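Engineer: Everything in the first sequence is counted per numbering that gives the first Met the number 0, starting at 0 for the first residue and increasing by one. I have a structure I would like to understand better, so I am pasting it below and will then ask my questions one at a time.
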Amino acid sequence: MRYSELLLPTLKENPAEAEVVSHRLLLRAGFIRKLTSGVYSYLPLGLAAIRRVENIVREEMNRAGAQELLLPMVQPAELWRESGRWAKYGPELLRFSDRHQRESCLGPTHEEVITDLVRMNVHSYRDLPLNLYQVQTKFRDEIRPRFGLMRGREFIMKDGYSFDADEAGAEITYKKMYDAYQRIFKRCGLKFRAVEADTGSIGGSFSHEFMVLADTGEDTIVACRGCDYAANLEKAAGTEPEKDDVALLELEKVATPGKKKVDDVCSFLGITPENLVKTMIYIADDAPVAVLVRGDHEVQEVKLANLTGAVDVRLATDDEINAHTGVPAGFLGPVDLNVPLYADREVMAMANFVVGGGAADIHLKNVNPGRDFTPEAVADLRTVTVADRCPRCGAEFDFVRGIEVGHIFKLGTSYSDAMKARFLDRDGREQVFVMGCYGIGVSRIVAAAIEQNHDDDGMIFPLPLAPFKVALLNLALKDEEVTAACEKLYDDLEAAGIEVLYDDRNERPGIKFKDADLIGLPYRLVLGKKFPESGGIEVRTRRGESFSLPYDGAVKIIAERIAGELAATMAD
RNA sequence: CGGGGCGUAGCGCAGCCUGGUUAGCGCGCCUGCCUUGGGAGCAGGAGGUCGGAGGUUCGAAUCCUCUCGCCCCGACCA
């Protein structure tokens with residue numbers, strides 16, 4: 000492509016609306032423009048980068064036995080009522096009525112549509128397993144869209160859905176998708192990690208998130224230094240605590256006037272937070288529950304939600320605490336508490352600890368579980384800390400930041416049950432499909448790639464995702480010899496199948512260098528006024544390597560290097 | 001939805017507090033000259049319902065009310 004003919008409006012200054020680096024660079028480099036909040040137009044280079052991702056995704060999905068189709072974006076409300084999500088999904092689902100007052104919505108995801116399609120057309124175990132996917136624009140009316148392509152309301156997603164005859168088949172399909180995802184992100188040239196994840200509101204039994212590692216990521220990943228265990232912060236667990244065998248001391252009431260905070264109580268009583276248990280009141284779907292965790296630990300609300308089965312879990316306000324327990328906040332304790340009590344498993348391993356006394360200005364010392372109180376349930380209910388160790392191998396954890404770009408779920412039969420999607424098995428019996436779903440944020444990957452790979456001058460595209468592999472700069476446009484050499488080089492590169500952006504604009508060298516850096520193509524070839532004398536092409540990679548090549552044979556060498564780098568991303 | 005902030009040329013901003021005659025600056029854009037290895041220089045030029053509506057006033061970008069849009073901080077998710 001000739002730069003002179005390309006719509007590539009680069010910006011010298013940072014747009015005020017862009018906070019994060021990928022958003023800033025995508026705007027500055029002329030990849031995207033905002034239409035309205037969370038909705039972007041993809042300009043030619045932005046689209047080219049997206050196409051690179053899509054193609055890798057398609058190749059690997061097809062290789063894994065999935066078939067591409069394209070489902071409608073507008074979906075009827077009936078389907079969502081059938082699955083129960085019309086009521087459950089909330090305002091993120093953009094709803095509207097058509098001219099006949101038929102209720103409809105824009106698809107934020109396509110479980111209903113695909114389940115409907117399959118139940119209407121697949122009736123036999125002989126047609127299973129079936130794995131279908133699409134690459135499509137999704138719309139979710141996000142509460143707060145932000146960070147450009149990172150969290151738009153409209154975004155491009157690959158979503159896939161599998162249908163198996165039984166659990167065992169679904170497990171195999173899940174594993175296949177897991178492997179395909181590993182290949183996809185490797186081929187994108189990104190540093191990433193698959194982590195165990197909470198299944199969240201989509202439901203299901205098992206789930207992995209694929210995270211692109213970047214300091215600016217919104218999610219925290221807990222990764223083991225010793226083995227390949229990794230999980231997101233909501234899911235991560237440490238080792239099972241071991242109970243010390245110590246003599247139980249006698250329960251003792253102590254006055255702690257005005258000491259509400261953990262730190263205040265500890266310094267007042269001369270203990271450390273490890274010897275104190277705090278009692279937190281949460282509102283789980285309108286019902287109060289109490290949670291016990293060690294003084295220096297934090298309740299993980301997602302774990303609590305899973306234990307209680309509640310959709311919404313939040314910390315109670317001081318007024319709510321008082322109303323439900325009759326105890327002022329700060330002095331709550333598990334002894335004689337009148338709301339359902341859950342304990343983090345760590346608490347059960349502790350002995351002779353301090354808790355709130357169940358009345359103002361009183362705490363209890365030498366409290367012991369089993370003797371002084373008995374929780375309704377014990378579970379891992381807290382967020383892991385740096386002090387925790389890997390549950391698999393006992394090694395230390397690293398906490399790193401990541402951007403979620405893929406998520407795979409074993410769905411089970413929740414949708415097929417709700418929507419009566421059934422087939423006949425070998426014995427002629429009706430069975431429901433066992434489903435899985437598999438998402439990849441295609442447009443988000445482009446943002447994540449930039450977030451992970453950039454410097455002060457601009458983007459640094461991983462080769463497989465670069466909209467062009469090579470930038471060819473003609474710095475002496477009026478020199479006929481140089482221009483002729485550039486033109487030929489441009490043609491030869493294209494003929495060799497290398498996408499090249501030929502900067503043939505009548506601009507000063509500085510502008511061409513700056514734009515090339517900003518766009519971040521992997522290879523930059525420069526021909527200037529020195530060329531007729533030297534006969535050499537100056538090559539510089541966007542990561543800083545530079546060398547020169549003789550004009551003749553340069554295309555072959557570049558082509559080989561590129562082929563070699565691409566092959567490396569494909570290797571197992 | 002709660003909290004904070006911003007809407008003035010394609011982009012970045014000043015002007016507003018303390019109302020006043022033609023609304024400014026930098027970048028970008030157009031023309032010409034000149035220049036050509038890291039966002040040059042000179043000269044000329046185009047481009048604005050000051051987000052919108054209403055009000056106060058002799059007079060509103062500026063003050064008041066309402067409204068729309070956008071951005072940032074918290075609860076969702078690819």
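Yeah, the Cβ is synthetic: ideal placement off N, Cα and C, and Gly gets one too. The structure displayed is predicted, hence computed values, not measured ones.
State the CB to CB distance for the pair Leu520 and Cys187, rounded to an integer number of angstroms; the pair is presumed to be in contact (CB under 8 Å).
Structural biologist: As a first step, residue 520 must be located in the first sequence, where it is residue number 521. As a first step, residue 187 must be located in the first sequence, where it is residue number 188. In fact, because the Cβ distance is near 16 Å, the residues do not count as touching under 8 Å.
Engineer: In terms of alpha-carbon separation, which member of Cys226, Lys234, His323 lies closest to Glu208?
Structural biologist: Within the first sequence, the letter at position 209 stands for residue 208. Selected option, being the one with the closest Cα: Lys234.
Engineer: For Asp502, which beta-bridge partners are listed by DSSP?
Structural biologist: In the first sequence, counting from the first residue as 1, residue 502 sits at position 503. DSSP output for Asp502 lists Leu472 as bridge partner(s).
Engineer: Entirely within the region 334 to 361 and at least 3 residues each: give me those beta strand (DSSP E) ranges in chain order.
Structural biologist: Correct list: 340 to 343, 352 to 355.
Engineer: Specify, as a first and last residue, the run of the alpha helix (DSSP H) that Ala179 falls within.
Structural biologist: Position 180 of the first sequence, counted from the start, is the residue given in the question as residue 179. It spans 166 to 186 - the alpha helix (DSSP H) in which Ala179 sits, taken as one unbroken run.
Engineer: For Thr451, does the three-state DSSP call read helix, strand or coil?
Structural biologist: Along the first sequence, one-based indexing puts residue 451 at 452. Sequence inspection shows Gln at residue 451; the Thr mentioned does not correspond to that position. Three-state result, Gln451: helix.
Engineer: Which of the three DSSP states is assigned to Ala484 in this structure?
Structural biologist: Working through the first sequence from its first residue, we reach residue 484 at position 485. Here Ala484 sits in helix by DSSP.
Engineer: In the DSSP assignment, what are the bridge partners of Val445?
Structural biologist: Locating residue 445 in the first sequence gives position 446, counting from the first residue. Per DSSP, none; premise fails for Val445.
Engineer: Could you check whether the Cβ of Ala328 sits closer than 7 Å to any heavy atom belonging to the ligand NAP?
Structural biologist: The ligand content of the structure shown is nil, which means the ligand NAP is not present either.
Engineer: Does the structure place the region 136 to 143 close enough to the region 451 to 470 that three or more beta carbon pairs sit under 8 Å?
Structural biologist: Cβ pair count under 8 Å is below three, so no.
Engineer: Looking at Pro256 and Asp397, is the spacing between their C-beta atoms short of 8 Å?
Structural biologist: Within the first sequence, the letter at position 398 stands for residue 397. Within the first sequence, the letter at position 257 stands for residue 256. No, the Cβ-Cβ distance between Asp397 and Pro256 is not below 8 Å.
Engineer: Buried or exposed for Ser200, please, with buried defined as at least 16 other CB atoms from any protein chain shown within 10 angstroms of its CB.
Structural biologist: Translated into the one-based positions of the first sequence, residue 200 becomes position 201. Residue placement at Ser200 is poorly supported in this model, since its pLDDT is 49, which falls under 50; the coordinates still yield a value, given next. Burial call: exposed.
Engineer: Which runs of the beta strand (DSSP E) spanning at least 3 residues fall entirely within the region 120 to 166, listed in chain order?
Structural biologist: Whole beta strand (DSSP E) segments, 3+ residues: 129 to 138, 153 to 163.
Engineer: Pull up the CB-CB distance for Gly450 and Val20, whole angstroms please, since I reckon it's below 8 Å.
Structural biologist: Residue mapping note: residue 450 aligns to position 451 of the first sequence, counting from 1. Residue mapping note: residue 20 aligns to position 21 of the first sequence, counting from 1. What sits at residue 450 in the sequence shown is Glu, not Gly. Going by Cβ atoms, the distance from Glu450 to Val20 rounds to 6 Å, so yes, they are a contact pair.
Engineer: From what residue to what residue does the beta strand (DSSP E) around Ile536 run?
Structural biologist: On the first sequence, residue 536 is found 537 positions in, with the first residue counted as 1. Looking at the DSSP string, the run of the beta strand (DSSP E) that includes Ile536 is 535 to 540.
Engineer: With DSSP as the reference, please indicate the residues paired to Thr35 in a beta bridge.
Structural biologist: The residue labelled residue 35 in the question sits at position 36 within the first sequence. Thr35 is bridged to Val38.
Engineer: Would you call the CB atoms of Glu110 and Ser82 closer than 8 Å?
Structural biologist: The residue given as residue 110 occupies position 111 in the first sequence. The residue given as residue 82 occupies position 83 in the first sequence. Against a cut-off of 8 Å, the Cβ pair of Ser82 and Glu110 comes out as a contact.
Engineer: Taking C-beta to C-beta, are Gly294 and Arg388 nearer than 8 Å?
Structural biologist: To locate residue 294, count along the first sequence from 1; it is residue 295. To locate residue 388, count along the first sequence from 1; it is residue 389. No; because the gap between Cβ atoms is not below 8 Å, this pair is not in contact.
Engineer: With distance defined between alpha-carbon atoms, name the residue in Cys223, Glu12, Cys436, Asn473 nearest to Glu506.
Structural biologist: The sequence position of residue 506 within the first sequence is 507, counting from 1. Closest option to Glu506, Cα to Cα, is Asn473.
Engineer: Near Leu26, which residues of its chain fall below 6 Å by C-beta distance, leaving aside the five closest residues on each side in sequence?
Structural biologist: Numbered from its first residue, the first sequence carries residue 26 at position 27. Closer than 6 Å at the Cβ level, and outside the excluded window around Leu26, lie Pro14, Ala17.
Engineer: Pull up the distance between the alpha-carbon of Pro272 and that of Ala394, whole angstroms please.
Structural biologist: Start at 1 with the first residue of the first sequence, and residue 272 comes out as number 273. Start at 1 with the first residue of the first sequence, and residue 394 comes out as number 395. Between Pro272 and Ala394, the C-alpha separation is close to 24 Å.
Engineer: On the three-state DSSP scale, how would you describe Pro549?
Structural biologist: Numbered from its first residue, the first sequence carries residue 549 at position 550. If DSSP states are grouped into helix, strand and coil, Pro549 belongs with the strands.
Engineer: DSSP three-state call for Leu464: helix, strand or coil?
Structural biologist: By one-based count along the first sequence, residue 464 stands at place 465. Three-state DSSP puts Leu464 in a helix.
Engineer: On the premise that Gly332 lies in contact with Gly357, defined as a C-beta separation below 8 Å, what is that separation, rounded to the nearest angstrom?
Structural biologist: Here the question's residue 357 lines up with position 358 in the first sequence. Here the question's residue 332 lines up with position 333 in the first sequence. About 5 Å; that satisfies the 8 Å criterion.
Engineer: Buried or exposed: where does Gly509 fall if 16 or more other Cβ atoms within 10 Å of its Cβ makes it buried?
Structural biologist: Numbered from 1 along the first sequence, position 510 holds the residue referred to as residue 509. It counts as exposed.
Engineer: Using the Cα positions of Leu500 and Thr9, report the straight-line distance between them to the nearest angstrom.
Structural biologist: Taking the first residue of the first sequence as 1, we reach residue 500 at position 501. Taking the first residue of the first sequence as 1, we reach residue 9 at position 10. Spanning the two alpha carbons is a distance of roughly 15 Å.
Engineer: Looking at the secondary structure, which residues open and close the alpha helix (DSSP H) in which Pro508 lies?
Structural biologist: For this step, residue 508 is matched to residue 509 along the first sequence. Start and end: 508 to 518.
Engineer: Excluding the five sequence neighbours on either side, which residues of its own chain have a C-beta within less than 7 Å of the C-beta of Gly534, listed in chain order?
Structural biologist: Taking the first residue of the first sequence as position 1, residue 534 is located at position 535. Correct list, in chain order: Pro549, Tyr550.
Engineer: Exposed or buried, which one is Glu300 when buried takes at least 16 other CB atoms within 10 Å?
Structural biologist: To locate residue 300, count along the first sequence from 1; it is residue 301. Under this definition Glu300 is a buried residue.
Engineer: If you draw a straight line from the C-alpha of Gly202 to the C-alpha of His99, how long is it?
Structural biologist: For the purposes of this step, residue 202 is identified with residue 203 of the first sequence, where counting begins at 1. For the purposes of this step, residue 99 is identified with residue 100 of the first sequence, where counting begins at 1. A caution first: Gly202 carries a pLDDT of 49, below 50, which makes its placement in the model too unreliable to give a value.
Engineer: Give me the Cα-Cα distance between Asn367 and Asp158, rounded to the nearest whole angstrom.
Structural biologist: Counted from its first residue, the first sequence places residue 367 at position 368. Counted from its first residue, the first sequence places residue 158 at position 159. For Asn367 and Asp158, the distance between alpha carbons rounds to 50 Å.
Engineer: Exposed or buried, which one is Thr108 when buried takes at least 16 other CB atoms within 10 Å?
Structural biologist: Along the first sequence, one-based indexing puts residue 108 at 109. Answer is buried; the Cβ neighbour count reaches 16.
Engineer: Pick helix, strand or coil for Phe30, following the three-state DSSP scheme.
Structural biologist: Taking the first sequence and counting its residues from 1, the one referred to as residue 30 is at position 31. Coil at Phe30, not helix or strand.
Engineer: Tell me which residues share the same chain as Leu127 and place their Cβ nearer than 8 Å to its Cβ, disregarding the 5 neighbours each side in the sequence.
Structural biologist: Within the first sequence, residue 127 is the residue found at index 128, counting from 1. Excluding residues within five positions, the ones whose Cβ falls inside 8 Å are Val121, Phe162, Asp163, Ala164, Gly168, Phe422, Phe432.
Engineer: Counting only the same chain and skipping the five closest in sequence on each side, list residues whose C-beta sits under 7 Å from that of Leu78.
Structural biologist: Taking the first sequence and counting its residues from 1, one reaches residue 78 at position 79. Glu111, Val112, Asp115.
Engineer: State the start and end residues of the unbroken alpha helix (DSSP H) segment that holds Pro75.
Structural biologist: Here residue 75 is taken as the residue at index 76 of the first sequence, counted from 1. Premise fails: Pro75 lies in the beta strand (DSSP E), 73 to 75, not in any alpha helix (DSSP H).
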